[in-house]
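What follows is a single structure, written as structure tokens, with notes after it.
Number of protein chains: 2
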Amino acid sequence: MKLNNVFVHQVYFWLKNEADQAKLIEGINTLAAIKGLKQIHIGVTANTPREVVDNTYHASLLTIFDNKEAHDVYQDDPIHHEFLANYVKPLVAKVVVMDSVDPN
Amino acid sequence: MKLNNVFVHQVYFWLKNEADQAKLIEGINTLAAIKGLKQIHIGVTANTPREVVDNTYHASLLTIFDNKEAHDVYQDDPIHHEFLANYVKPLVAKVVVMDSVDPN
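Chain order of the listed sequences is A and B.
If you read the first sequence in our numbering, its first letter stands for residue -11, the second for the next number, and so on.
If you read the second sequence in our numbering, its first letter stands for residue -11, the second for the next number, and so on.
Written as structure tokens, this is what we have:
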């Protein structure tokens, strides 16, 4: 199925301490309760052994919204703010986000 | 909807020449015909103005499969090989892939 007219918000997390992986994933799971999410996948690297693959991150979050407005509402949801304060700030060393929309 | 038991293959492309963006996207679109794809999104950066967001890539490809085996079949599909030879090799300077699976 080809997804059209969506806002794809992809996040990759690198921990300060690898031992906190399960705790971070627990935190990412709290985000699934936010309204307006069309789809969510919480993941870890598949460790695909290819040169172009980045297997260094400790957790990934894929979220799909109907549009940028729904994404913006998610960013400002109290659950998201709690996640940032309770999990990202204390545990995460680096975050990379890729936000993608349909080409014109 | 929470996605479980899937293989998420996320690809980001940086062009040698920005002028080739439409041509690369045309090429990425050919991949949608490959069997075994559960979902596919072809995108460009949303240019979200936040420090943690990487807006430098020229095209993105999100593909979701039922499992690693379906992803491996996709990688070896003739359409994928043609895409690599006709679009990636001549046009693309850098590719970064993130392959994610459910946490254990």
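C-beta atoms are modelled at their ideal positions from N, C-alpha and C, and glycine is treated no differently.
Between B/Ile52 and B/Thr18, the CB-CB gap reaches or exceeds 8 Å. In this structure, B/Val(-4) sits away from B/Val85, with a CB-CB distance that is not shorter than 8 Å.
Under DSSP, the beta-bridge partners assigned to B/Tyr0 are B/Ser48 and B/Val84.
Shortest Cα-Cα distance from A/Pro91 to any of B/Pro37, B/Val(-6) and B/Gly31 involves B/Gly31. Beyond the five residues adjoining it in sequence on each side, B/Lys82 comes within less than 8 Å, by CB distance, of Phe1 and Trp2 in the same chain, given in chain order. For B/Gly31, there is no enclosing alpha helix (DSSP H); the enclosing beta strand (DSSP E) has its first and last residue at Gln27 to Thr33. In the assembly as shown, B/Asp87 is a buried residue. Its beta-carbon has 16 or more other beta-carbons within 10 Å. In this structure, B/Val89 lies near A/Ala34, with their beta-carbon atoms less than 8 Å apart.
Going by DSSP, A/Lys11 is part of the alpha helix (DSSP H) stretching over Gln9 to Thr18.
Distances from the alpha-carbon of B/Thr44 to those of B/Val(-6), B/Lys4, B/Leu(-9) and B/Met(-11) put B/Lys4 closest.
Within chain A, Val(-4), Ser88, Val89, Asp90 and Pro91 have C-beta atoms less than 8 Å from the C-beta of B/Gly31, given in sequence order. Counting along the chain, the unbroken alpha helix (DSSP H) around B/Tyr62 starts and ends at Lys56 to Gln63. For the 8 Å CB-CB criterion, B/Leu(-9) and A/Ile28 form a contact.
The three-state secondary structure of A/Val41, taken from DSSP, is strand.
Taking 8 Å as the threshold, the shortest C-beta distance from A/Lys56 to chain B falls below it. The three-state secondary structure of B/Val76, taken from DSSP, is helix. By a beta-carbon distance limit of 8 Å, B/Val80 does not contact B/Leu25. Their separation comes to about 21 Å. The contact set of B/Leu3 on chain A, defined by CB atoms closer than 9 Å, is empty, because the minimum CB distance reaches about 13 Å. Non-local beta-carbon contacts of B/Asn74 in its own chain, meaning distances under 7 Å to residues more than five positions away in sequence, involve Gly15 in chain order.
Using beta-carbon distances, A/Ala20 counts as an interface residue toward chain B, with a partner under 8 Å.
A direct Cα-to-Cα measurement between B/Asp8 and A/Ala7 gives close to 43 Å.
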